[in-house]
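One line per chain: the protein sequences are A and B, in this order. Take any residue in the first sequence, count from 1 to its spot, add 120: that is its number in my numbering. Take any residue in the second sequence, count from 1 to its spot, add 281: that is its number in my numbering. Don't be surprised by glycine CBs; every beta carbon is placed ideally from N, CA and C. The structure presented is a predicted model; accordingly, all values stated were derived computationally and were not measured. A short write-up of the structure that comes next.
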Amino acid sequence: MKFSVQHVTRYTYANPVWESFNDAHLCPVSDELQCCESFTLKILPQEPRVLRRLDFYTNQVHHFEVMEPHDWLEVEASSLVETMPDTRDFTVPCPLAGLTGLDRDERYYDFLAGSQRVLLGPMFEHEATEIVTGVEDVRLRVEALMAYIFREFRYAPGSTQVETDVIQVFKHKRGVCQDFAHVMIALCRSIKIPARYVSGYFYVEKSVSGSADDNSASHAWVECFLPGIGWVGYDPTHNRRADVRYIKLAIGRDYVDVRPLAGTYRGEAVAEMEVAVQVALV
Amino acid sequence: MFFEQYDTDHFFDEMFDADGKVRPHYQAILERLTPLSIDKFEQKRQAVDLSFLRQGITFTVYDDDEGTEKIFPFDLMPRIIPKTEWSFLERGLTQRMQALNMFLKDVYSKQRIIKEGIIPASYILSGKHFRREFMNVKVPRDIYIHICGTDLIRDDKGNYLVLEDNARSPSGVSYLLENRQAMKRAFPNFFPKAGVRPVENYSEELLNTLQYVAPYGKEDPVCVLLTPGHFNSAYFEHCFLARQMGIEIVEGSDLVVRDYKVYMRTTQGLQQVDVIYRRIDDDFLDPSVFRPDSMLGVPGLVNALRAGNVNIANAIGTGIADDKLIYAYVPDMIRFYLSEEPILGQVETFFASEDDDFKYIMENLDQLVVKSANEAGGYGMLIGPKASKQEVEDFRALIKSDPRNFIAQPPIMLSRHPTWCDGDFEGRHVDLRPYILSGEKTSIVPGGLTRVALKKGSLVVNSSQGGGSKDTWVLYADS
Numbered sequence: 121m122k123f124s125v126q127h128v129t130r131y132t133y134a135n136p137v138w139e140s141f142n143d144a145h146l147c148p149v150s151d152e153l154q155c156c157e158s159f160t161l162k163i164l165p166q167e168p169r170v171l172r173r174l175d176f177y178t179n180q181v182h183h184f185e186v187m188e189p190h191d192w193l194e195v196e197a198s199s200l201v202e203t204m205p206d207t208r209d210f211t212v213p214c215p216l217a218g219l220t221g222l223d224r225d226e227r228y229y230d231f232l233a234g235s236q237r238v239l240l241g242p243m244f245e246h247e248a249t250e251i252v253t254g255v256e257d258v259r260l261r262v263e264a265l266m267a268y269i270f271r272e273f274r275y276a277p278g279s280t281q282v283e284t285d286v287i288q289v290f291k292h293k294r295g296v297c298q299d300f301a302h303v304m305i306a307l308c309r310s311i312k313i314p315a316r317y318v319s320g321y322f323y324v325e326k327s328v329s330g331s332a333d334d335n336s337a338s339h340a341w342v343e344c345f346l347p348g349i350g351w352v353g354y355d356p357t358h359n360r361r362a363d364v365r366y367i368k369l370a371i372g373r374d375y376v377d378v379r380p381l382a383g384t385y386r387g388e389a390v391a392e393m394e395v396a397v398q399v400a401l402v
Numbered sequence: 282m283f284f285e286q287y288d289t290d291h292f293f294d295e296m297f298d299a300d301g302k303v304r305p306h307y308q309a310i311l312e313r314l315t316p317l318s319i320d321k322f323e324q325k326r327q328a329v330d331l332s333f334l335r336q337g338i339t340f341t342v343y344d345d346d347e348g349t350e351k352i353f354p355f356d357l358m359p360r361i362i363p364k365t366e367w368s369f370l371e372r373g374l375t376q377r378m379q380a381l382n383m384f385l386k387d388v389y390s391k392q393r394i395i396k397e398g399i400i401p402a403s404y405i406l407s408g409k410h411f412r413r414e415f416m417n418v419k420v421p422r423d424i425y426i427h428i429c430g431t432d433l434i435r436d437d438k439g440n441y442l443v444l445e446d447n448a449r450s451p452s453g454v455s456y457l458l459e460n461r462q463a464m465k466r467a468f469p470n471f472f473p474k475a476g477v478r479p480v481e482n483y484s485e486e487l488l489n490t491l492q493y494v495a496p497y498g499k500e501d502p503v504c505v506l507l508t509p510g511h512f513n514s515a516y517f518e519h520c521f522l523a524r525q526m527g528i529e530i531v532e533g534s535d536l537v538v539r540d541y542k543v544y545m546r547t548t549q550g551l552q553q554v555d556v557i558y559r560r561i562d563d564d565f566l567d568p569s570v571f572r573p574d575s576m577l578g579v580p581g582l583v584n585a586l587r588a589g590n591v592n593i594a595n596a597i598g599t600g601i602a603d604d605k606l607i608y609a610y611v612p613d614m615i616r617f618y619l620s621e622e623p624i625l626g627q628v629e630t631f632f633a634s635e636d637d638d639f640k641y642i643m644e645n646l647d648q649l650v651v652k653s654a655n656e657a658g659g660y661g662m663l664i665g666p667k668a669s670k671q672e673v674e675d676f677r678a679l680i681k682s683d684p685r686n687f688i689a690q691p692p693i694m695l696s697r698h699p700t701w702c703d704g705d706f707e708g709r710h711v712d713l714r715p716y717i718l719s720g721e722k723t724s725i726v727p728g729g730l731t732r733v734a735l736k737k738g739s740l741v742v743n744s745s746q747g748g749g750s751k752d753t754w755v756l757y758a759d760s
């Protein structure tokens, strides 16, 4: 499927700010399942030079600096991206033995250890172990954990903030896609299944504003490593595998690694942020 | 008369052999001291102490309620290293520095050493000072550790062993230079005849090193020293080195980044900076990349570095090389990168994060030295044989709560050196920190900072834990 994505972020400051340094994780990934055909980043009002680099997880980062005083900043990311169906065989067995030793491998270590926003604790291990008891296949274990979140947690916009930590979410069993992704990561890692955070978008034919099915919002899900298959995307918010309707921007240990826009500036003012996303079928 | 009562107590003594005979390289100083009276020696000693205090050569002890500034006690009896011994150390340290620099280049790019199974990925990726932000950043001349202070000790047989590599921002070199000045003043007639190699050109070598690693091989680059400010324990040293090199000492707020270039604010406007000798930790270097609450750093510095418009010494992320778990792998690094056998030995290390080692550590805790993997300055350490039962148990709990953060080593009976203690010479344990510069070539200032544990029987030489220092003489000859 082919999509056009527009992602506009506008910051307004009550007083001018300056020396603003920003990293954007807004460029869709190109890999076996997805191809980003074009990407442009427009920054107003000062149109600074943009420095592109790859981060530790080989995501594309666009860095820009706005030095002169400004009281608003607008970042408009536009991309054209095509997604391909995943043709891997998901019926093959994924033996638990395949997980042994992954914590010593540089490709998986970061996705097994606790991270800034996904602190591991005995409660996750306890819960996860209970859920997967009797399930002897890694894929089925992941699907059981995802189903558990979908069943037990309530989608409740406004019940959490972007900084809400995973333990709070786990206690109150409410949140949005970002929170569900963090909980699923915590549960998977607790039972030694590598899991990473994915930020991106999700397209739905019947978009309902403010719901979990909304084309005017960004989305977050999880990728788990299944021995014998590879990294597979799972969406605990919808209880399904990520498919051609999912557009991937970046992967990381948790939200902190892949914030669409992150930065610092000098000045007294608190920023007000408005985000407008539009995903459309081409 | 000195040394009549002196007893080596079966330790390796730097000055006397096991039969109590003076070693040849100490013969001259012994002859110089012999005709001195105790009073005369005391006079010289007090004069030196006073001059240190007057010059404000002080350091800061953290966690100390009584005023923070202290003098680093100086012992007038020099530590002497003969030529052959020193050239052995030079070869060993040069080899080690080469391997460490190659390791850093590798670990921040291809990671061959992980992929080929030499070091487990988990040790690197769990390292507190491994900087993911620094991955694939190219540095001029492939040099990461420009300045290293490697701590050496000698065991009961006199073998030199590496105890740790201080590869972040080692301090103490100003004491080395000041101690030498003090010695020259105290023994104005004897010193020039003693055949001691000079250390005075350290600052010049340091400046050469900084200039050599300027971006684009720029000639006559502008170098500055970046200090966290006067509350830092080594602020005296920062001022001292900047003055000696004739470069500006700046704080974060004196620097500004524009279009991926770093500038210094001057009375004539902005001046571009090419090389920053930073004496500030990674965490505080750039609030736009590392700790956002840091007031000490320069926002935008890391991206200027990524763009290749500035260089900093030492590089970001060198702390992974002096993580105490990674230390255990330096001999393997030397074999892996250089296909050589390590020249210098080091101390056997047990990892609390490995099941077998953990068991061994728990069973022998009161017989081991335990160190936190990323602390320096003698903080966060247990010396099992000298600790109380309670201290041992407290550490046991600490290790259990965070095994990755602890290693254990057998205690090494450090060599001793005659040291002036209340009116006579007694043996006290010493170590040695040579300062290694990696620029166009690796150069090691002939000498180093000899630290001495002034407390009788103590094995901890750190200034923050009651240590003192000595001048260190490297001789042109073997006697």
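Could you pull out every residue in the same chain whose Cβ sits closer than 7 angstroms to the Cβ of serine 569 (chain B), ignoring the five residues on either side in sequence? Pro580, Gly581
Tyrosine 618 (chain B), enclosing alpha helix (DSSP H) - first and last residue: 611–619
CA-to-CA distance, proline 277 (chain A) to lysine 605 (chain B), given in whole angstroms: 46 angstroms
Output the distance between the C-alpha atoms of tyrosine 610 (chain B) and lysine 321 (chain B), rounded to the nearest integer angstrom. 50 angstroms
For the beta strand (DSSP E) that alanine 734 (chain B) lies in, which residues bound it at each end? 730–734
CB contact check: phenylalanine 141 (chain A) to chain B, cutoff 7 angstroms: yes
If contacts are defined as beta-carbon pairs under 8 angstroms, then aspartate 603 (chain B) and arginine 412 (chain B) qualify, I think. What distance do you get, rounded to the angstrom? In fact, because the Cβ distance is near 14 angstroms, the residues do not count as touching under 8 angstroms.
Roughly how many angstroms lie between the CA atoms of serine 620 (chain B) and glycine 498 (chain B), to the nearest whole one? 30 angstroms
Tell me whether asparagine 447 (chain B) is buried or exposed, calling it buried when 16 or more other Cβ atoms sit within 10 Å of its Cβ. buried
How long is the line joining the alpha carbons of leucine 536 (chain B) and histidine 145 (chain A), rounded to whole angstroms? 28 angstroms
Alanine 267 (chain A) classed as buried or exposed, judged by whether at least 16 other C-beta atoms fall within 10 angstroms: exposed
How long is the line joining the alpha carbons of tyrosine 317 (chain A) and glycine 372 (chain A), rounded to whole angstroms? 5 angstroms
Given 6 angstroms as the limit, tell me if glutamate 250 (chain A) has its C-beta closer than that to any heavy atom belonging to the ligand FMN. Here there are no bound small molecules, and the ligand FMN is not part of this structure.
Mind checking whether aspartate 752 (chain B) and proline 359 (chain B) have CB atoms under 7 angstroms apart? yes
Using beta carbons (cut-off 7 angstroms, strictly below), is isoleucine 395 (chain B) in contact with chain A? yes
Hey, which unbroken runs of the alpha helix (DSSP H) at 4 residues or more fall wholly within the segment 546–593 of chain B? 563–566, 582–587
When you compare the segment 181–188 of chain A with the segment 132–151 of chain A, are there three or more beta-carbon pairs, one atom per stretch, that lie closer than 8 angstroms? yes
Output the distance between the C-alpha atoms of serine 235 (chain A) and glutamate 245 (chain A), rounded to the nearest integer angstrom. 15 angstroms
Do aspartate 567 (chain B) and glycine 550 (chain B) have their CB atoms nearer than 7 angstroms? no
Tell me whether alanine 515 (chain B) is buried or exposed, calling it buried when 16 or more other Cβ atoms sit within 10 Å of its Cβ. buried
Note down the Cα distance separating leucine 334 (chain B) from valine 418 (chain B), rounded to an integer number of angstroms. 44 angstroms
Pull up the distance between the alpha-carbon of phenylalanine 273 (chain A) and that of serine 450 (chain B), whole angstroms please. 49 angstroms
Arginine 461 (chain B), enclosing alpha helix (DSSP H) - first and last residue: 454–467
Could you list the residues in the segment 183–211 of chain A with a C-beta less than 7 angstroms from some C-beta on chain B, going in chain order? His183, Glu185, Met187
Three-way DSSP call (helix, strand, coil) for glycine 626 (chain B) in this model: strand
Min CB distance glutamate 438 (chain A) to chain B below 7 angstroms: An answer regarding residue 438 (chain A) cannot be provided, because it is not within the stretch 121 to 402 covered by chain A.
I need the straight-line Cα distance from aspartate 759 (chain B) to leucine 311 (chain B), nearest angstrom please. 15 angstroms
Considering Cα atoms alone, identify which of A:Pro242, A:Leu232, A:Gly254, A:Ile305 is closest to serine 407 (chain B). A:Leu232
Report yes or no: is there a C-beta of chain A within less than 7 angstroms of the C-beta of lysine 584 (chain B)? It is worth fixing the name first, because residue 584 (chain B) is asparagine in this sequence and not lysine. Yes, its Cβ sits closer than 7 angstroms to a Cβ of chain A.
Given lysine 465 (chain B), which residues of its chain have a CB within under 8 angstroms of its CB, disregarding the five upstream and five downstream residues? Phe472
Given proline 136 (chain A), which residues of its chain have a CB within under 8 angstroms of its CB, disregarding the five upstream and five downstream residues? Pro189, His190, Asp191, Gly387, Ala389
Below 7 angstroms between beta carbons: does that hold for glutamate 157 (chain A) and leucine 200 (chain A)? yes
Following the continuous beta strand (DSSP E) through lysine 419 (chain B), name the residue where it begins and the one where it ends. Taken as a continuous stretch (DSSP letters only), lysine 419 (chain B) belongs to no beta strand (DSSP E), as it is neither H nor E.
What first and last residue would you give for the alpha helix (DSSP H) that runs through methionine 304 (chain A)? 297–310
Using the DSSP secondary-structure output, state which residues sit across from serine 198 (chain A) in a beta bridge. A:Gln126, A:Thr160
With a threshold of 16 other CB atoms inside 10 Å of the CB of histidine 306 (chain B), please say whether the residue is buried or exposed. buried
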